[in-house]
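Working notes, beginning with the structure itself.
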Amino acid sequence: MRHILLKLVLFFCVCLSSVSYADEFTVDFSSQKSYVDSLNSIRSAITTPLGNISQGGVSVSVINHVPGGNYISLNVRGLDPYSERFNHLRLIMERNNLYVAGFINTETNTFYRFSDFSHISVPDVITVSMTTDSSYSSLQRIADLERTGMQIGRHSLVGSYLDLMEFRGRSMTRASSRAMLRFVTVIAEALRFRQIQRGFRPALSEASPLYTMTAQDVDLTLNWGRISNVLPEYRGEEGVRIGRISFNSLSAILGSVAVILNCHSTGSYSVRSVSQKQKTECQIVGDRTSIKVNNVLWEANTIAALLNRKPQGLTELNQ
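Pasting the structure below:
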């Protein structure tokens, strides 16, 4: 009898360990306000504000770490603000890092999952494990599109939605890759960066201007791990330098960054502890993450690279 009970306990433990848990949200594109409110609602639900980077009720927040394999489900709504059309797209994002694992066509109940997210399991759907990974390099190559200069508006999002609804198969196409690049930018990257949220938001107005992704926007997205590693060390310095990224004030930080990865442990920043895998994503190298010089907080790797360029590096440090 004891052996039977032990086997049952082990069986349930194995089953539970493979289960992914999800929170479900909506991203509403029907107006500028509904779009920003949607992003803020998601941030509030999965992050903790950092008290050291806060001003007037606006903060940089850090993702609350949860066991691996957990995800959030984002229903895309309001692409047509005057009709209940285009409501069958759902993005699946890993909760700990906001990386897009794939998308669900709710008309066919099919989850198209990128090859690097085999650990994400969504119940009650048909899962197609694609051969394409989720990296920007892969999607840009297939899309034949550079993100710098990429334009996004309501019309292009509707076209992107239709391209994803028509997608069938195991390898991303040119059209579906372009569609994913657009949705990832205005949802996942806009969740991370207020600068991208602010840039795209006017595209949802009646005037509907196009958002054009800048080189500075792209730099932010490519350095999120480095930013996440350094910003928790900020204590009111006059500026922060991370690679080519420069924040010259607290307002500049808050205007650019909304959410960071959980790179640090509970004891220091009042958030749940982080796994070793997450530390790799945060790109921690060496014992020190940052160094303060002339009341400017420098990423350790950035200042080391500058000092190796003497005397130019010393000149820049003293500016």
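316 is the number that the numbering used here gives the last residue of the sequence shown; the numbers go up by one with no jumps.
Backbone N, C-alpha and C define an ideal beta-carbon position, used for all residues, glycine too.
Cβ-based burial, residue i [other Cβ within 10 Å; buried from 16]
i           : result
residue 146 : exposed
residue 79  : exposed
residue 223 : buried
residue 263 : Bear in mind that a pLDDT of 44 at residue 263, under 50, signals an unreliable position, so the number given afterwards is only what the model happens to contain. By the neighbour-count rule (16 or more Cβ atoms within 10 Å), residue 263 is not buried but exposed.
residue 253 : buried
residue 183 : buried
residue 203 : exposed
residue 212 : exposed
residue 215 : buried
residue 123 : exposed
residue 189 : buried
residue 97  : buried
residue 291 : exposed
residue 187 : buried
residue 110 : buried
residue 166 : exposed
residue 102 : buried
residue 243 : exposed
residue 99  : buried
residue 54  : exposed
residue 267 : At residue 267, the pLDDT of 36 sits below 50, so the modelled position is not reliable; the number obtained from the coordinates is stated separately. Exposed, since its Cβ has fewer than 16 Cβ neighbours within 10 Å.
residue 302 : exposed
Contact check, residue i vs residue j, beta carbons under 8 Å
i           : j           : result
residue 239 : residue 296 : yes
residue 67  : residue 87  : no
residue 129 : residue 139 : yes
residue 257 : residue 59  : yes
residue 208 : residue 150 : yes
residue 175 : residue 154 : no
residue 230 : residue 294 : yes
residue 83  : residue 133 : no
residue 226 : residue 260 : yes
residue 43  : residue 61  : yes
residue 75  : residue 27  : yes
residue 52  : residue 247 : yes
Top-ranked residue by Cα proximity to residue i, from the options
i           : options            : result
residue 69  : 256, 82, 94, 242   : 94
residue 31  : 254, 139, 201      : 201
residue 169 : 126, 216, 231      : 126
residue 217 : 234, 232, 185, 165 : 185
residue 173 : 191, 137, 255      : 137
residue 205 : 237, 99, 102, 152  : 152
residue 37  : 210, 191, 228      : 191
residue 120 : 106, 197, 235      : 106
residue 63  : 81, 104, 54, 19    : 19
residue 148 : 198, 99, 135, 90   : 198
residue 177 : 73, 33, 65         : 73
Same chain only: Cβ atoms within 8 Å of residue i, ignoring 5 sequence neighbours per side
i           : result
residue 35  : 22, 23, 24, 25
residue 56  : 46, 47, 48, 50, 251
residue 285 : 297
Cβ-heavy atom distance, residue i to the ligand GDP, below 7 Å
i           : result
residue 127 : As presented, the structure is devoid of all ligands, the ligand GDP included, so that no description of it is given.
Expected contact under 8 Å - CB spacing of residue i and residue j to nearest Å
i           : j           : result
residue 131 : residue 114 : 7 Å
residue 249 : residue 40  : The pair is not a contact, with the Cβ atoms about 19 Å apart (cut-off 8 Å).
Cβ-based neighbour list, residue i, same chain, cut-off 7 Å, excluding 5 preceding and 5 following
i           : result
residue 234 : 289, 292, 293, 294
residue 241 : 216
residue 141 : 171
residue 135 : 129
residue 33  : 194, 198
Sequence-distant residues of the same chain with beta carbon closer than 6 Å to residue i, five excluded per side
i           : result
residue 104 : 85
residue 210 : 144, 147
residue 181 : 97
residue 71  : 22, 24, 88
residue 300 : 288
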